[in-house]
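Trainee: In this text, residue positions in the sequence shown follow the numbering used here: the first is 1, and each later residue adds one.
Just so you know, even glycine gets a beta-carbon here, dropped at the ideal spot from N, CA and C.
Everything numeric in this text was worked out from a predicted model, so none of it was measured.
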Amino acid sequence: MKLLLKSGRLINPVDGFDGIADILIENGSISQIGENLSAGDAKVFDAEGLVITPGLIDMHVHLREPGLEAKEDVGSGTRAAAAGGFTTIACMPNTKPIIDNSILVAGLLHRAQTEGVVNVKVIGALSKGQEGKELAELGDMIFTGAVAISDDGHYVDNANLLLNGLEYLAPFDTPIISHAEDEALAGDGFMHEGSVSALLGMKGRPSVAEDIAVARDIMLAEYVGAKVHIAHISSKGAVELIRQAKKRGVKVTAEVTPHHLTLTDEAVNSFDTATKVNPPLRSKDHVDALIDGLKDGTIDAIATDHAPHAFEEKDREYRYAPSGFAGLETALGVILTNLYHTGKFSLTEIIERMSTSPARILKLDRGELKVGAAADITIIDPEFEWVVDSKKFYTRGKHTPYDGSKLKGKAVATIVNGKIIMQNNEVHE
Ligand code: DOR
């Protein structure tokens, strides 16, 4: 099967190319990039006025399979990814059972091949059952295909366990992804601790809980010389700690979510449970520091923390609702609206953080437009205006704080291994 993407604006963050060109795709790979390529017997996709980028990669997704399919499964989650313009997602192991051994990694990879429409990478648990007591089968899971190790959803309270994990993983050059919020400090709070929580009379989660956890993780990674990746960073203190650690050469990387970049704790005034996330939405000074950190490279990647829950689980009093909401289908629009159309970031910078950088962190052979590479491509209309309607989502998680928001910019086609799997919001089977 041949496909010719005609006259699009190519953006390739790896070499900084930003210009009009054609891409010819043959047998799932990019076979030519250039001007006025002849179509021959290829199907032609007219991309004039559209932006062509390496396929977006979301390194932090909760697919909920196995065991929590009322929230999401591989079929619904990967369709949501395709609708959002993502060609590869990495899924977290806080499922039921926890993905803490090679059989479960293999099973999920197999399920992804039969049921999924985008590439799925698996992240294995750090501790057995994510109980924070005993290391899981780390080597076995990596040999089976796990791309990173994480107890995400939980703070690794036991510093010695984390130290042992880092020591074990150093020779594999595989990162531990840390959910860095000290439980003892933050555990029973529902939102960011600050003036809004005080006014609402709601128990807060102080930002220092995140700062302390990130400081500890950096120190352990530095001591061992191993890689640590900080998930969903949300505090200005953590940004500064990572900035300084990177200057010292510590192997630390970080990701930030679209919601932590664009919403503040003021959103909780609505008592809408869609605003309840871990770590919590913080005040504007933190949001500003996250944007600065993303701009100067302290924060490497944008990741959604797509965390769908069943409707009835979220549809209850704020304190009892689970944390998290579905992010795959709004991420690109939210980022383009708030970071690109405001003039803060170029398209190249955004694609670097949503594709090239996560590919580098997870050592994926993706994130670049080049001849010979797998044809994982996202086609974006940066000017497309639309209103978020969660009823139309592919994900089962219908709660989002962006419901009803007007956004500008959307993926109009998603191509995985040379096949168009989404066009104009329709995901093909
Ligand atoms: O809000 C969140 N929800 N944060 C996490 O780290 C976990 C996630 C979930 O699994 O629901």
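Kindly provide the ranges of any beta strand (DSSP E) runs that are 3 or more residues long and lie completely inside the region 306 to 366, ordered along the chain.
Mentor: Correct list: empty.
Trainee: I'd like the ranges of any alpha helix (DSSP H) spanning at least 4 consecutive residues and lying wholly in the region 269 to 306.
Mentor: Listed in chain order, they are 284 to 295.
Trainee: Anyone know if the C-beta pair for residue 83 and residue 338 falls short of 7 Å?
Mentor: Against a cut-off of 7 Å, the Cβ pair of residue 338 and residue 83 comes out as no contact.
Trainee: Tell me which residue opens and which closes the alpha helix (DSSP H) that residue 214 is part of.
Mentor: Segment 207 to 224, the alpha helix (DSSP H) holding residue 214.
Trainee: Does DSSP classify residue 115 as helix, strand or coil?
Mentor: DSSP places residue 115 in helix when its eight states are reduced to three.
Trainee: Which of the three DSSP states, helix, strand or coil, is assigned to residue 27?
Mentor: Residue 27 falls in the coil class under three-state DSSP.
Trainee: The beta strand (DSSP E) spanning residue 14 covers which residue range?
Mentor: Here residue 14 belongs to no beta strand (DSSP E), and DSSP marks it neither H nor E.
Trainee: What's the call for residue 435, buried or exposed, on a 16-neighbour Cβ count within 10 Å?
Mentor: The chain is shown only over 1 to 429; residue 435 falls outside these bounds and no answer can be derived.
Trainee: Got a sec: does the ligand PLP put a non-hydrogen atom nearer than 6 Å to the Cβ of residue 334?
Mentor: Absence of the ligand PLP is noted for the structure shown, with the ligand DOR being the only ligands found.
Trainee: Enumerate, from N- to C-terminal direction, the unbroken beta strand (DSSP E) stretches of 3 or more residues contained entirely within the region 158 to 186.
Mentor: Here the runs fully enclosed are 176 to 178.
Trainee: Looking at C-beta atoms only, is the number of pairs between the region 211 to 224 and the region 262 to 278 that lie closer than 8 Å three or more?
Mentor: No, they do not touch.
Trainee: Under the three-state reduction of DSSP, which class applies to residue 128: helix, strand or coil?
Mentor: Helix, per DSSP.
Trainee: Let me know the beta strand (DSSP E) ranges lying completely inside the region 66 to 112, each 3 residues or longer, listed in chain order.
Mentor: Fully enclosed beta strand (DSSP E) runs of 3 or longer: 86 to 91.
Trainee: Please return the same chain residues whose Cβ sits closer than 8 Å to the Cβ of residue 167, not counting the five positions on each side in sequence.
Mentor: The residues are 224, 226.
Trainee: Could you tell me whether the region 249 to 264 touches the region 284 to 302, where touching means 3 or more Cβ pairs closer than 8 Å?
Mentor: Short answer: they touch.
Trainee: So what does DSSP say about residue 239, is it helix, strand or coil?
Mentor: It is helical.
Trainee: Relative to the C-alpha of residue 155, which candidate in 186, 144, 142 has its C-alpha closest?
Mentor: Of the candidates 186, 144, 142, the one whose C-alpha sits nearest the C-alpha of residue 155 is 186.
Trainee: Beta-carbon within less than 6 Å of residue 418's beta-carbon, same chain only, minus the 5 sequence neighbours each way: which residues are those?
Mentor: Excluding residues within five positions, the ones whose Cβ falls inside 6 Å are 25, 28, 375.
Trainee: Exposed or buried, what is residue 394 when buried is set at 16 or more other beta-carbons lying within 10 Å of its beta-carbon?
Mentor: Residue 394 should be labelled buried.
Trainee: Have a look at residue 351 and residue 340 and give me their C-alpha separation to the nearest angstrom.
Mentor: Answer to the nearest angstrom: the Cα atoms are 11 Å apart.
Trainee: Could you pull the start and end residues of the alpha helix (DSSP H) that residue 389 belongs to?
Mentor: It is not in any alpha helix (DSSP H) - residue 389 carries neither H nor E in the DSSP assignment.
Trainee: Under DSSP, the alpha helix (DSSP H) around residue 407 begins and ends at which residues?
Mentor: Unbroken run through residue 407 is the beta strand (DSSP E), 406 to 416; no alpha helix (DSSP H).
Trainee: Using three-state DSSP, classify residue 198 as helix, strand or coil.
Mentor: Looking at residue 198 - three-state DSSP - the assignment turns out to be helix.
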